[in-house]
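The structure appears right after this line, and notes come after that.
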Amino acid sequence: MKTYITALSDKKYLKGCLVLNESLKQVNSQYPLVVLASKDLDSKTIKTLKKNNIEIVYPKNDLILPENIIKQNAEADFDYWTKTFIKLLAFDLDEYEKIVLVDNDIIVLENIDDLFEKPHMSGVALCKDTMGANNCSSGFLVIEPQKDFSKNFSSIIEKISNNNGHFGDQDVINQYYPDWFDNKELHLDIGYHIMFGDVWFYYTKFGYGKDKKIKSVHFPGKKKPWMKPLTHIEHYTKFVIRKQWILFKIFYKYDKTLLKVTLKNLFL
Ligand SMILES: [Mn+2]
């Protein structure tokens with residue numbers, strides 16, 4: 120069995136899951152979206168997922184986060200990163216032969232089912248072109264799960280907790296796979312997954328959104344597009360003034376999908 124997996128550990132991100140799910144349907148994905156839910160998620164959130172026919176799985180292992188990570192993330196105003204460590208537990212879901220792990224703050228714009236043909240740890244080199252970084256994005260990853268795999272991450276989590284700064288699951292994954300960046304056959308074309316803030320760069324420099332497809336867009340950061348939809352008029356105004364129609368189009372697509380799932384859930 121193969122499936123898309125997204126993690127949910129905070130009810131504030133439920134709408135993101137619903138938009139992601141709807142967007143996968145809109146591109147006729149042959150594989151469902153399954154939510155990896157934290158065990159403490161409230162029953163109302165779980166009920167909403169079920170009403171939307173979204174299957175739920177729970178982590179098979181516990182992830183023990185050192186106090187230091189929780190504290191340092193909170194101090195740096197990155198407390199929301201602490202909640203995303205649950206993504207590491209997707210590596211344990213061995214009832215699936217292959218999963219595509221996607222963040223719940225992503226909208227899928229083109230069919231990406233071909234990812235299930237790609238090898239374990241296929242992903243996108245995040246911010247490579249914009250910032251010269253050499254990290255694998257943990258927000259969009261092809262994984263072949265194995266029983267208790269996440270136990271491999273424990274010592275790395277322990278190790279990074281001794282450093283200063285803020286940490287996320289992505290740091291753990293990149294330390295576990297230090298050769299990932301040099302392993303070019305694991306690099307997916309950036310068009311599979313572009314950060315919203317980088318879309319304009321890839322549009323103007325490389326033609327993504329023109330002759331090359333933008334297949335999914337990720338909205339990182341603390342404020343997500345579903346959190347304050349009424350303020351979006353400011354974004355649209357900015358895009359119009361700057362004539363950034365590609366950004367207008369993607370943001371509008373997000374809002375339209377958000378409105379659709381919001382209305383649908385009023386009547387469910
Ligand atoms: Mn994200």
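Taking the working numbering, the leading residue of the sequence shown gets 120, the next gets one more, and so forth. Ideal placement from N, C-alpha and C gives every residue a C-beta, glycine not left out.
Thinking C-alpha only, which one of the options is nearest residue i?
i    : options                   : result
C255 : Q265, K324 and Q289       : Q289
I165 : P264, K121 and L133       : L133
N192 : Y123, G284, G242 and L212 : G284
T376 : I231, K144 and Q294       : K144
E216 : K121, D159 and I175       : K121
M314 : W299, Y371, N302 and I333 : I333
K372 : Y355, K324 and D308       : Y355
Q304 : E214, S241, T167 and F386 : Looking at the sequence provided, one finds Glu at residue 304 rather than Gln. The candidate whose alpha carbon is nearest that of E304 is S241.
F338 : K362, K357, F300 and D374 : D374
E174 : Y150, D196 and I352       : Y150
By how many angstroms is the C-alpha of residue j removed from the C-alpha of residue i?
i    : j    : result
G316 : T249 : 10 Å
D298 : S142 : 33 Å
L228 : S148 : 11 Å
D198 : I189 : 7 Å
K247 : N302 : 14 Å
Would you call the CB atoms of residue i and residue j closer than 7 Å?
i    : j    : result
K237 : V261 : yes
G135 : N223 : yes
V154 : L127 : yes
H306 : S335 : no
L207 : S269 : yes
L137 : V380 : yes
I225 : S257 : no
I309 : Y295 : no
N230 : V146 : yes
E130 : D161 : Reading off the sequence shown, one finds Lys at residue 130, where the question assumed Glu. It is a contact, given that the beta carbons lie within the stated cut-off.
T203 : G340 : no
Can you give the beta carbon distance from residue i to residue j, rounded, assuming they're within the 8 Å contact cut?
i    : j    : result
K158 : D211 : Not really, about 14 Å apart at Cβ, beyond 8 Å.
Use the C-beta contact count for residue i: other C-beta atoms within 10 angstroms, 16 or more gives buried, fewer gives exposed.
i    : result
W200 : buried
L382 : exposed
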